[in-house]
Amino acid sequence: MDAYTTILFVLLVAILSILYFFERNRRVESEENNKRSQDVIRQLDEQAKIIIKTDLALNKVQEELDKKITGLYTLHELGKKIGSTFNVEDLFSLINKPLVSKLGFSRGLIMIKEESSGTIMVKASIAYSEADIKTIEKALSKGSAVSSLLKKSGFLLVNRDLEKIEHEDLLSDIFKTESFLTVPIVAKDEAVGFILMGNISSHSKVTEGDTELLSILASQIGTAIENTGLYTELFNSHQDLNRRVKERTQELARLNEELRRFNKVKSDFVSAVSHELRTPLTSIKGYASILMTGKLGEVSAPQKERLEKIDKHSNNLTRLINNLLDIARIESGRVQMEIKEISIKELLDSIIDVITPQVKEKGISLKINIKTRVDKIKADPGQLERVFLNLLSNAIKFTPEKGRVTIHIKDGRDSIEFSVEDTGIGIPKQDLEKVFEEFFRSDNAPAQKIQGTGLGLSLVKKIIEAHKGMIWVESELGKGTIFSFTIPKT
Amino acid sequence: MATKVGIGISTKLDSFIAGKEAARSALYQIGRQAPDIIIVFISPIFDQGETLKGIRSIISEGPLVGCSAAGSITNRGSFRNAVTVCAINSDSIRFSYGIGNNVSRNPRSAGREAARQSSKLKDIAREVYIMFSDGLSGNGTDILRGAQEVLGTGFSIIGGSATDDLRFQKTYQYLNNIYTDSLVGLLVSGNIDISTGKAHGWQPIGRPHKITRAKSNIIKEIDRRRAVELYEEYLGKTSDELKIEGIAKLGSNYPLGMRVKGKERYLIRAPLQIKDSGSLMLSAEIPEREDINLMIGDRNLALEATKAACRDALTSIRKSRIKFAIVFSDIARLQLLRKDPQSEAEIIKDMLGPDVPFFGCYTCGEYAPVDGQSYFHDQAISITVISE
């Protein structure tokens, strides 16, 4: 090997050494980079795990919040329905599958203690079969478990995994759930039953957080049971009252019918008797008149005096009979009012003409007070005149000399109101209701002295009623009386 | 040509009355004419039988299909705990339907049977097939394969899996009667155009992991460890805790995402069950050797996905001719939107136009086409517009 070759060899070794050195450095650097990248990835991965765990926790909180909000909203909606329910069966039918599911449970049960037997019965059930219900009722009827379910306060949260055997059977087995919660239903300060909500999946367990929702629901049901009880009582007493009113009304209608029948018999009797009386009365009056003329022989002064009395009493009797006949006719509907348009003013003129002599005779002042612009009314002129004459002649009769009689005419709501006011002796308070009765005569001493048939006001009332009007009286003893009546405007 | 769509919704807390109310409203909107199809979504809080009786007391005639759902999403808003009835009367669209039972035993065969029964109409252009399947009992991908065996892999298949609102106990499917562990198919035919948009909005979180052992929709190992350990580690809970709290419920917020090869997007798979061996049962399959990530979402990402799905659906269709739209939005999205699910309905309404009726439900897995072939998606939203 020459020097040249040696130099070349040394150079080659040196170059290779340098290359090796650089390559080794590069590799070390790459491995370090790789390691750094791996570290970064690992770190990022660890961060990802933290993010996921945080996200998971947040989601859980959010989910519970959502569940609570949904539950409260559902209960609020249910509360509105419960508030308008007045029947216990309707109330229980509101607790259905959609409601229970929306509250986040898969099974539900409402059991209520029967008042009569004291046994606890299922009133509403969700996701239980008929056979399940029978089993539950049977298990609770014999066991001691029911007492823990019917405590007045508190709740019972049972998780199958953790349930201890306290009773004959596991409650989780009786209610066929993996976890459940019961809350007592309290009405009138007594636990009348309980509500149960549970889940059949071990993945979604009922938790203590559900107590609040279920307590609200149980309280709503308890209040509703109380309310429906009160409502039923109220409804029953209302029904009872209605029944009694109906019975009384029927009784009254029957009595009324009987009265009407008696009244008709009376009217028929009066009518028949009056007709029978009028014929001989006409003869009596006629013969008395002939005798008075002296054509059948001279009449002495005492005889004439007696004959004049016969004539006068015959006239009174005729008036009485005519009034009786008129009342009977109006009552029986045999007399129809001949309604026509008449002028109030003309009617009053004609009445005043008739009444003036009596007024003058007693020195009574007669005044007319008109406070309406209406002049035309629809009435039977003859009958209305009769009403006025009756009321006015009564007023004049019972008013002492120099007294005052006033006719008032004014507008009513749908009628014209007429009143005859006097400053007469007045009517005792206890007699006011009876003045329109037939043959009624006041026991009032001054009134007793004044003659009358006791039929005039009764006839007046019948005529006003036949005009679809009303009549009433106001009076103060010793001061005067006001008789008022209305005639409809149309 | 006329197509009338009536959408009735009731939230009354009485199953029969709620059914009746929703049906009456839907029937009124189609002028009280006999519907050609009635599509029904009933939340699990209702007694399913009573609700159907309520609906039938108003609309006694016409085929009825649908499924149980946490709620519905319509142009009238988003409704949880509701009965939704959609009645369609059309002289241009024809509907045929079928059912496949025992999904848990043989999902593929059930998918095939429902599609076969639905394909009875001949001499009319088939446009889209809608599936309402049991979301708890079967492998969504297998159900879809069964349907594709009959209809072809390129045929547009939409729909979703029925839910019981995250109770994970029992779901229902309707074909005039009530079924469970089944799938009901509805084939829509006629001289119509359809377009579907789909998106999910979930984002990967943490490092990627590899599926080291899997069979169909059961993942046995991830990174050579028991599959459940992934969730134990990230959620900070033991396997027993995950079982008690329900992996399906917990996992719906943190699903697995499988990167679609060569694409930026992820196919989502939600865990349904933890097996005793520590394996995870998913809503659909993920093959071995795939890289997966745990995914996370939030309200804004969910709403962005709604917009993306709408944009997608509207790209190939004339907006003025849209007659109606069908929406399937995953219940996990409803969880993300929490108290504000109306925003999603509002976005769809804004993007489709105020007069376009749309209806659909919250599902537990969705079928929708991507690039001409339908897949089983999870935690996603699909919007299908139908125009004449």
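Chains A and B are the protein sequences, given in the same order.
When the letters of the first sequence are read in order and numbered with the numbering used here, they come out as residues 1 to 490.
When the letters of the second sequence are read in order and numbered with the numbering used here, they come out as residues 1001 to 1388.
By construction, the Cβ of each residue, glycine as well, lies at the ideal position given by its N, Cα and C atoms.
In the three-state scheme derived from DSSP, where H, G and I count as helix and E and B as strand, Asn1102 of chain B is classed as coil. Asp1355 of chain B has its alpha-carbon roughly 24 Å from the corresponding atom of Ala1199 of chain B. In this structure, Thr1196 of chain B lies near Ile1158 of chain B, with their beta-carbon atoms less than 7 Å apart.
At the C-beta level, Pro1035 of chain B and Asn1075 of chain B stay beyond 7 Å of one another. Taking a cut-off of 8 Å for Cβ pairs, the segment 1063-1075 of chain B and the segment 1017-1025 of chain B do not touch, as fewer than three such pairs fall below it.
Among the CB atoms of chain A, one or more fall inside 7 Å of the CB of Asn1081 of chain B. Short of 6 Å from the beta carbon of Arg278 of chain A, and not among the five residues preceding or following it, lie these beta carbons of its own chain, in chain order: Ile321. Where Ser1118 of chain B is concerned, the enclosing alpha helix (DSSP H) starts and stops at Pro1107 to Ser1118.
Below the 7 Å Cβ cutoff, chain B contributes Leu1013 as neighbours of Leu99 of chain A, in chain order. Listed along chain A, no residue sits closer than 7 Å to Asn1300 of chain B by beta-carbon distance, the nearest being about 14 Å off.
DSSP, reduced to helix, strand and coil, places Thr1051 of chain B within a helical segment of the structure shown.
Contact check for Ser1387 of chain B and Arg1318 of chain B: beta-carbon distance about 6 Å, within the 8 Å limit, so the pair qualifies.
For Arg1207 of chain B, the chain A residues whose Cβ falls inside 9 Å of its Cβ are Ile41, Arg42, Leu44, Asp45 and Ala48, in order along the chain. One finds Lys97, Pro98, Leu99, Val100, Ser101 and Lys102 in chain A with Cβ atoms closer than 9 Å to the Cβ of Ile1045 of chain B, taken in chain order. A contact is defined here as three or more CB-CB pairs under 8 Å, and the segment 1228-1240 of chain B fails this definition with respect to the segment 58-77 of chain A. The beta carbon of Gly1236 of chain B sits closer than 7 Å to some beta carbon of chain A. Looking from the CA of Gly1077 of chain B, the closest CA among B:Pro1357, B:Tyr1367, B:Tyr1375 and B:Glu1366 belongs to B:Pro1357. Around the Cβ of Asn394 of chain A, a 10 Å sphere holds 16 or more other Cβ atoms; the residue is buried. Taking 8 Å as the upper bound for CB-CB distance, Phe485 of chain A and Gly469 of chain A are in contact here, some 6 Å apart. Each residue's CA atom was taken as its position, placing Asn34 of chain A and Ile7 of chain A some 39 Å apart. Counting only the Cα atoms, Gly1278 of chain B lies some 55 Å from Ala1002 of chain B. At a C-beta separation below 8 Å, Tyr1028 of chain B has no neighbours in chain A, since its nearest C-beta there lies roughly 23 Å away. With the criterion set as a beta carbon lying under 7 Å from some beta carbon of chain B, the segment 120-134 of chain A has no members that meet it. By the criterion of at least three beta-carbon pairs nearer than 8 Å, the segment 1118-1129 of chain B is not in contact with the segment 1263-1274 of chain B. No Cβ-Cβ contact shorter than 7 Å links Gly79 of chain A with Leu213 of chain A. Boundaries of the alpha helix (DSSP H) around Gln1148 of chain B: Gly1140 to Leu1151. From the listed residues A:Val270, A:Glu114 and A:Ile487, the smallest Cα separation to Leu384 of chain A is found for A:Ile487.
In the three-state DSSP reduction, Thr1384 of chain B falls in the strand class (E or B). One alpha carbon belongs to Gly1152 of chain B, the other to Leu1144 of chain B, and they sit about 10 Å apart. For Asn369 of chain A, the enclosing beta strand (DSSP E) stretches over residues Ser365 to Lys371.
About 5 Å separates the beta carbon of Ile407 of chain A from that of Ile368 of chain A, a gap short enough to meet the 8 Å contact definition. Within the segment 1222-1235 of chain B, Glu1233, Tyr1234 and Leu1235 place their CB atoms closer than 8 Å to a CB of chain A, listed in sequence order.
For His275 of chain A, the closest alpha carbon among the candidates A:Asn236, A:Met292, A:Arg319 and A:His238 is that of A:Arg319. Proximity of Leu157 of chain A to chain B, defined by a Cβ-Cβ separation below 7 Å, is not satisfied. When C-beta atoms of the segment 1181-1188 of chain B are compared with those of the segment 1208-1218 of chain B, fewer than three pairs fall below 8 Å, so the two segments do not count as touching. Within the segment 1151-1182 of chain B, the residues whose Cβ lies closer than 8 Å to any Cβ of chain A are, in chain order, Arg1167, Phe1168 and Gln1169.
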